[in-house]
Each structure stands twice: as C-alpha cells, then as structure tokens.
Amino acid sequence: MKQHLVSMNDLCTDEIMDILNLAKSFANGDHWSPNEKTFVANLFFEPSTRTKTSFEVAERKLGLDIVPFESGSSSLLKGESLYDTVKTLESIGIDVAVIRHEQDHYYDELIHKVNLKIINGGDGCGQHPTQSLLDLYTIKEEFGSFEGLKVAIVGDLQHSRVAKSNRDALTALGAEVVFSGPSEWFIDSEADTKCNFNIDEVVETVDVLMLLRIQHERHFSLTAISADQYHQKFGLTEERERRMKKSSIIMHPAPVNRNVEIADSLVECERSRIFKQMENGVYVRMAVLRKLLEQ
Amino acid sequence: MKQHLVSMNDLCTDEIMDILNLAKSFANGDHWSPNEKTFVANLFFEPSTRTKTSFEVAERKLGLDIVPFESGSSSLLKGESLYDTVKTLESIGIDVAVIRHEQDHYYDELIHKVNLKIINGGDGCGQHPTQSLLDLYTIKEEFGSFEGLKVAIVGDLQHSRVAKSNRDALTALGAEVVFSGPSEWFIDSEADTKCNFNIDEVVETVDVLMLLRIQHERHFSLTAISADQYHQKFGLTEERERRMKKSSIIMHPAPVNRNVEIADSLVECERSRIFKQMENGVYVRMAVLRKLLEQ
Amino acid sequence: MKQHLVSMNDLCTDEIMDILNLAKSFANGDHWSPNEKTFVANLFFEPSTRTKTSFEVAERKLGLDIVPFESGSSSLLKGESLYDTVKTLESIGIDVAVIRHEQDHYYDELIHKVNLKIINGGDGCGQHPTQSLLDLYTIKEEFGSFEGLKVAIVGDLQHSRVAKSNRDALTALGAEVVFSGPSEWFIDSEADTKCNFNIDEVVETVDVLMLLRIQHERHFSLTAISADQYHQKFGLTEERERRMKKSSIIMHPAPVNRNVEIADSLVECERSRIFKQMENGVYVRMAVLRKLLEQ
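Protein chains in written order, with our numbering: chain A, 14 to 308; chain B, 14 to 308; chain C, 14 to 308.
What follows is the structure, encoded as structure tokens:
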C-alpha cells in the first residue's frame, strides 16, 4: 500500500482483493486495534451523512481517537489554506486525515508534503475510493467472485466519483461493465459508443444494476428533462424491476432521489442492496484504515 | 418498555416510577454499561445546550460510543429525508438515536419502520419526555412522593412540551395540578375553567411552582404585552416569592428569560431547583437509556 | 495555582517554570490521568484550528471525557447568556471549560461565580495564556534558559493576545525583549519609545524573532499599506532571514499570512519553529490541565 489512499489508481488488483478479504474478516467480528494511541480527524468540506458517519463508526471500532474538525469554525475562515490546515493537524499529532473537498484533486498539493496518511472521502467530481471499494465488496459478497458478471452503471456518469473507477476495477477483476443513461452525461466518446445501452435492454441481462445519484447539489440542472421524465426514460421503474433476472441486485450510493433514479417502492425491495452497501462501508473503511496504519 | 420513548404516553405509572428509582441509583453512584459496544447518535435539528449536553454526559457515563451528527453538514442539505437519514444511521450500526426536531410528531414516520431505538429530545410543540421525567424526579427527590402535593404550572402552556404531560403524569401519581398564566396560552377550554388560577393566589398555596419558558424562538410574539408587563402580571417577582410557603420550590426547564418568567435575583435563590433540574437530567437520561438498551 | 487560568497574570514565575517542566515530561512520554472520570467542554465562539485541536488532543491524551459544544447550535441562539451557559454545563457535570470568546475579559462575569475550572483559549484582543506558555516552552527547549536571550516581537502588537504577556513573562525570566513593526500598532507610548526597533537592525541581533499575525479577521484594515508593502517594510523577507544569527529561530503563532509577515519559502525553513510550536502546544496544555485538575 502507498502512504495515502486518494484514488482507486493507488491500488493494484491484489491490494483491492486484500482489502475486500480484510473487510470480510471485520464483518465476521474480527477485532484489530493499533498498538499505539492513534489520532484521526475527519475533514468534510462538503455535506455528508453516510461517508462521515461510516468513517466515525469504523474508527471507533478500531479504537482510534477521533479529533473533531468543523470547517465552518476552523481557521480556514481566517484564510488558512488546506495545506496549512493539514500540516497543523499533523504537527498536533493527527495520524490520519479523512478528507472530503469540493475541489477536484485537492490532494495533489498534500500527498508529497505531509507525513500523516490521507484517505480521500471524495474530491469534487473526481474519486471516492472507499465508496468504490464498498461497491466491490457488496458485489463480491453477493456473487462470490467477479468473473463473468455483467454490471450496468446507470445515470450521471460524468459527475460520479465512482463510475469510472468502478468500471476500471470491475473490468480488471473479470466483470463486464456497460453504461446506460443520458448520452450527454457520458464519460468519453469512445466508451460511449462501445458501452451505451438502453435501460430497457440492460435490466433484463445484468447481474448488478448500479444506479448513480443525480447530483443536484453539484449545480447540475435538469432543464432539458424533468425528474419524472428522467425516471420514465432512464430510471428503474417498477415495470423494469419486474423484468430483472431473479438473482440480480440493485445498488445505489445514496442519498437516493426517490422516484427519479429509482421508484420509491423499490428502495427497500428484496433485491435492493442500498442499505446493505452502507453497512458494508463500515467494514471496508476499517480494512482501509488498518492497511494504512499497519504499514 | 416500548422500543422507543417518544412521548410520556409510552410509559405507564409503574414504568415512570421504575425510571425515577433507577435514576436515583445512578445519582448515588451506581454504574452500568451495556455488554456490547453500543453506538448512539444525537440528532438535534433545533438549538440545544441543556438537553444535548445532558444526553452526551449520560451516554459517556454509560460507556456508549457517540457518533457526532450535525444536521447543518449532513446529507439533509442534499434533500435526504429524515427517514432516509435515520435508516442510514441504523445501517451503519447506530443503536440509539436521540432526536430533537422542529416538526410535531416527526417520529410518526419512523417508529414502526426502524430497528434502532428512538428517544425524543423534543418535537415542535409536542413532547419532551426526558424533560418531564427530570421534572418528576426533581419533585420526588424533594418531597419523597407525589401524594397530596400541589403543583402549579405557570406560563406558556400551549407551546410547552411538558405542561400537558406533566399535568397528566403528576395527576396520575397523586398530585393536584393547577395552571396559571395568560388565558390565551391555555391548552383547552375545559381544563382552563377548572384550573385557571391567578399567580397571586397560587404562590401562597403550592408546593411546586413550575414556571415555563416563553418560547421566543418559536416565533411567538409578545405584541399584546411587553416582557416587563408579563413579569408583573404573570411572573415570579421578588414580592411573590416572599409569599411562598417555606418548603415550596421553584422549577423552570430553562433557558430562563431573566426578569420575565422569574426575577433575575431568584434564579439561584435557595428554593430554586433550576440548576438542580439540569443535574438530575443526567441521571434520568442514564436511566432511560439503560431501560431501552436492556430490553 | 488559582482555580482558573484566564491570564498570564494568574501565574507567578515559579508556576510558569513548573508548567514548562511538566510539559517537558509529557513531551518525554510521561502519562497522567485524573483518578475520577473528568468532563471537559471546549467552547469556541471564534474560529480556531490550532488551539481547539490542540486542546482536544491534550485532553484525550489525559483520558478526559470531552463533551462537544457548538455555539452555533446551542441555546445561545435562544438568547441564553454566557454565564447561564457555563453554569448549565457545570450543573450537568462539566469539570473544565476551555473558552475562546470575541469579547475582551468575557471571563470577568464567570470566575468568581462558577465552580468548574476555566481555561481562557483567547479573549478578544486580551489574553491567550496557553499560547504564551507554548511560546515560552519553545524558547526554553531551544536555548535551555531565558537568561540573556534577546527576543524581538514583531508586528501587530496592539491586537495580539500574547505580545504584552510574552514581553512581561520573558522579561521576568531574564530575557531582553524589543518590539518592531508599524508604530501605530504599538501597545503604549512609553514602551514604544524604549523598545521600537527597525526590523533590519533586529534580525541581525536577536536570538528569537517572534512574528505576530496580522489579524485580518478582527476587522483590521490595511488601508494605509498593502500586504506587499507590509512585507517589504516590516516582514521577514528572504534577504533579512539571511542576515539572522546562525542559532537564532523564527516563531509565529499561526495561521501565517504567507508573504506578509514572513516569506512563503521561510515558513518551513530550518530555523522556523512555527510547526514545532504547534506540537509543543499539546504538551503545554496537558501540563496546564493537570495542574488545574490536581488542585
């Protein structure tokens, strides 16, 4: 493992599988704590319930000492830079900083200059590696392996922090990945041509239907199409769900826009793993923290 | 005990007495902790010092793991509902959620659909059961029992979260309850007629003078009457306090509007139990948490 | 030691040395915890990263229980006074309150009326005793003693919380202190005349160059002079740093305005102790907390 985990590109396939196996052991009740008092700070510059709370629980389960940090009452208000803030935390004794920040690649100015360990909890429209890992973990738990699985990633591919890294990782692990959704939200034109599928075809053939959140909060405007039109054209309606294979599952990083990406009635349906993903996130984050701290 | 404590109506008289006795044992220094690591989150959507801090101390004394939650930096900003937020916390491993919310009966959409335990820390102008319980505890500590006590509840009955439930509980436990204050703030006309007393009569006869806070922050406007006029007409002035019985006590849920509900000089007078109530709140909340967790 | 530490004037020279020695033992890895569960709350009414995080780490290293307090979601929003807030925390069981507040001498209304212990984390343009102590500790660690040292305090003396108390303490401990900076920011005219030195002279003779932050956030406007002009006229430029004595050090309480008080390239230069000061702050705060709790 590298010193930091800021992108799925930091991990080779073996390291990914290693983290998933370690997460499994934590899910089975294994305990691990560092030998020395270890301080962690969670710096969230964007709203978060799932990721922040999940890290907070994972950290407590590992017996780490968590030092609260609120950007809105920090010296960032006095104009202090992110670099000086992180360097300050390091000087005061923080060992790990989990950071979510609205700026793409915020970590570029940090990773070669700080001694503490950084876990990226989401950067702009960039990466969100622990979300990718919990997605992979959820699929592996369900199907045992990735070989031969067909996974569709559906929706706002362009603004997603996981669409591209999930595609890359799943492909490397032996799955076939297709995309679906509005073509103006696709990642790049080459992939589009190859992977663009209609949701009506996709639902009948995939093992995993991975819906993406429409990122209203990223100033994305749905002018061309209403929420209801999106649901009818690209979303998972009750009718489409009925046509899914018996064993196939539904995933979504949440928060869900009910009746947009997915019908309200399906959020907690039998094949939905949406809340299971959140549970799995804790084990995956425990695994990542342990890997970084054991170096 | 039910799964949740959202209203005093969730408790029968025996359960109330049981909680008060358990609170007493905690006040005497008894210790108790759950056998398993237990996670709690305090979701306060309205300002709070007393209730939130009191729960935080009670939880720490019981050895619970507290996961911070700030509504202002949560995914509620992305439009996530309270239900999805609580369900998320449950999925991540939270066992108990203490919730204060501005909406009356916010818990109706939660209580039959979540597996974690909810303690209502105040809903709109609805209920605030741990405040009621600490009021009862404070009275019991003072007088040994409720039989034959005369209690006056004074002030903004309509917007109070405890006036009605305290009346019901105290009456069931054998006390006599009367109301006093501006008639337009009374709860219902029948009770008004029966229980409306002038503050000048009331102070001379009651054992407990329970003042209520004027809820400025609930957009209540005092247009018809100034703060000073309220104090002279309905408040506890120094002159009125001198006419109270030797053994009678003053209570107030706080924060106090000094020189409105009560003269500034009386807030910490000998018969005031206002800060004692806050101390007692910790023991009562320890008792409630233990009862819910031991189920 | 007094009950509270609100000002450096609360400490005699012996007590200062005692705290510095205790801090040294913590830096060397000594452990100490109170015998009883001890609750502390950090009340920061002004932005802070360093001081708040430093106290949070120090408190955790001492095994204290920290109860979170956010002024922006407290009952201060309902008009509750600072006194009633602190008295509430005391009633609920808080043993120590660390307070930063924008009002000079906010503590005057508290110190004789509360039973918990108060540590001043900064009041307006008043005092910030733990910052002074960490400054002293950093100098002592560097030079062994204060006798015969020459220390220059440079910059916005008037709005600084440490300029005056550092001058007084350093002088009492045997050091010589001079000031430098814009004359309109000097503390009082007598001291000005005696101690006003040009930065170009100062850099060549001092052992310690203690730069002060320009307090933009205190509504101080630099109308008469731009940031760049300040840097050229009063700041530590690369050219000036080259003329410093070999063994002399640079200090700054931070956050640094890079290229204003000090050239960007010098913030982490070999003779800079700016991040070392932050590390030292943890040990000094552990020492202060222990001294207050052991009384």
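Cβ atoms here follow ideal geometry from the backbone N, Cα and C, with glycine treated the same way.
Collapsing the DSSP output to three states places A/V215 in a helix.
DSSP places B/S193 within a strand segment (E or B) once states are collapsed to three. Annotation: the region 116-193 of chain B contains the following complete segments of the alpha helix (DSSP H) (minimum length 4 residues), in chain order: 142-156, 176-185. Approximately 5 angstroms separates the beta-carbon atoms of A/I105 and C/S67; this is inside 8 angstroms, confirming the contact.
Residue range 78-80 is occupied by the beta strand (DSSP E) that includes C/D78.
Under the Cβ distance rule, B/V80 counts among the residues neighbouring chain A, one pair being separated by less than 8 angstroms. Residue environment for C/S196: exposed (fewer than 16 other C-beta atoms within 10 angstroms of its C-beta).
Residue environment: B/H125 is assigned as exposed (fewer than 16 neighbouring CB atoms within 10 Å of its CB, all protein chains considered).
Ranked by Cα distance from A/R271, the options A/L249, A/R253, A/I29 are led by A/L249.
Distance from the CA of B/S178 to the CA of B/T218, rounded to the nearest whole angstrom, comes to 22 angstroms. Within the region 261-273 of chain B, those residues whose Cβ lies closer than 9 angstroms to any Cβ of chain C are, in chain order, A267, P268, V269, N270, R271. In the displayed model, B/N48 falls within coil according to three-state DSSP, outside both helix and strand. In summary, B/K130 is buried, with 16 or more beta-carbon neighbours lying within 10 Å of its beta-carbon over all protein chains present. Going by DSSP, C/M223 is part of the beta strand (DSSP E) stretching over 221-224.
In this structure, DSSP gives B/I287 a helical state, which the three-state scheme calls helix. With its beta carbon less than 8 angstroms from one in chain C, A/E93 belongs to the interface. For A/A110, the enclosing beta strand (DSSP E) has its first and last residue at 109-114. Identification of chain B residues near A/P60 by a Cβ-Cβ cut-off of 7 angstroms yields S86, S87, S88, L90, K91, ordered along the chain. The three-state secondary structure of C/L305, taken from DSSP, is helix. Residue environment: A/K50 is assigned as exposed (fewer than 16 neighbouring CB atoms within 10 Å of its CB, all protein chains considered).
Judged by pairs of C-beta atoms under 8 angstroms, the region 43-62 of chain B does not touch the region 127-145 of chain A, as fewer than three such pairs exist.
A/I262 counts as buried, since no fewer than 16 other beta carbons sit within 10 angstroms of its beta carbon.
C/E197 is outside the set of residues whose beta carbon lies under 8 angstroms from a beta carbon in chain A. If you draw a straight line from the Cα of A/L75 to the Cα of C/T64, it is about 26 angstroms long. Shortest Cα-Cα distance from B/R255 to any of B/P266, B/S285, B/P268 involves B/S285.
A/R226 is positioned such that its CB atom lies closer than 8 angstroms to that of A/H265. Cα atoms of B/P268 and C/S88: separation of roughly 7 angstroms, rounded to the nearest angstrom. Per DSSP, A/I275 lies in no beta strand (DSSP E) and is assigned neither H nor E.
Leaving aside the five residues that flank B/A110 on each side, the residues in its chain whose CB is nearer than 7 angstroms to its CB run, in chain order, A54, L56, V99, L102, L129, I131. When 7 angstroms is used as the limit between beta carbons, C/E69 is near these residues of chain A: V80, P81, in chain order. Distances from the alpha-carbon of B/E251 to those of B/V216, B/S239, B/D220 put B/V216 closest. The residue among B/K153, B/S239, B/G161 with its C-alpha nearest the C-alpha of B/D31 is B/K153. Taking a Cβ-Cβ cut-off of 7 angstroms, the neighbours of A/K100 in chain C comprise F288, given in sequence order. Under the Cβ distance rule, A/E155 does not count among the residues neighbouring chain B, no pair being separated by less than 8 angstroms.
Interface with chain A (8 angstroms Cβ-Cβ cutoff): B/F57 is excluded. Between C/M223 and C/V164, the C-beta gap is smaller than 8 angstroms, which places the two residues in contact.
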